[in-house]
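Chemist:
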Amino acid sequence: ADRNAEVSELRKDLDVVLDGMIEEATKVAEEKEMADRAAMEKELALNAEKKLAVELKQELADRNAEVAKLMTENEKALADKNAEKKRVAELEKKLADMDAEVWKLVEKCEEELAERTADMSLADLIGSMYYTHEI
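Letter by letter, the sequence shown follows residues 5 to 139 in the numbering used here.
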């Protein structure tokens, strides 16, 4: 009977130890599951951040390409504008030179007219002008 009581007591102790071990194993399994879930959530969040980073890098690259294109277009437009300014300046210089030549010719004509008409009477001058106008 003592032996049965001792075995019974050992079984109770064993049941308590086994229950404790099962409880501890369950707690560890739950903690591991929670840790795994948290790790998976972190990995998903990290993957989402990586995807967003890739998208932002692509958007930045696209914008940089657009800026480079616009800068090239702007530089070309500026070069065209400068070339046009240079062309206008050349034409203005040519026009000024031609204007000066015209004024020289006008002055020469006025001098020649003055020389020719210096000794003409007013009547002869009017007749000459009328004749010249008719031609």
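The beta carbon of each residue, even a glycine, is placed where N, CA and C say it ideally should be.
Could you have a look at Ala5 and say whether DSSP puts it in helix, strand or coil?
Modeler: Residue state, collapsed to three classes: coil.
Chemist: Whole angstroms are fine: how far does the CA of Asp84 sit from the CA of Ala65?
Modeler: Between Ala65 and Asp84, the C-alpha separation is close to 28 Å.
Chemist: Within 9 Å of any Cβ in chain C, is that where the Cβ of Leu95 sits?
Modeler: Of the protein chains in this structure there is only one, and it is not chain C.
Chemist: What is the rounded straight-line gap between the Cα of Asp6 and the Cα of Thr30?
Modeler: Asp6 and Thr30: Cα-Cα distance of roughly 35 Å.
Chemist: Rounded to whole angstroms, what's the CA-CA distance from Met102 to Ala93? Just pull it up for me.
Modeler: Going by the C-alpha atoms only, they are around 14 Å apart.
Chemist: Roughly how many angstroms separate the alpha carbons of Lys54 and Lys80, rounded to a whole number?
Modeler: Distance between the alpha carbons of Lys54 and Lys80 is about 39 Å.
Chemist: Output the residue ranges of the alpha helix (DSSP H) runs that lie fully inside the stretch 28-84 and measure 4 residues or longer, sorted by chain position.
Modeler: If we require 4 residues or more, the stretch 28-84 turns out to have no alpha helix (DSSP H) run fully inside it.
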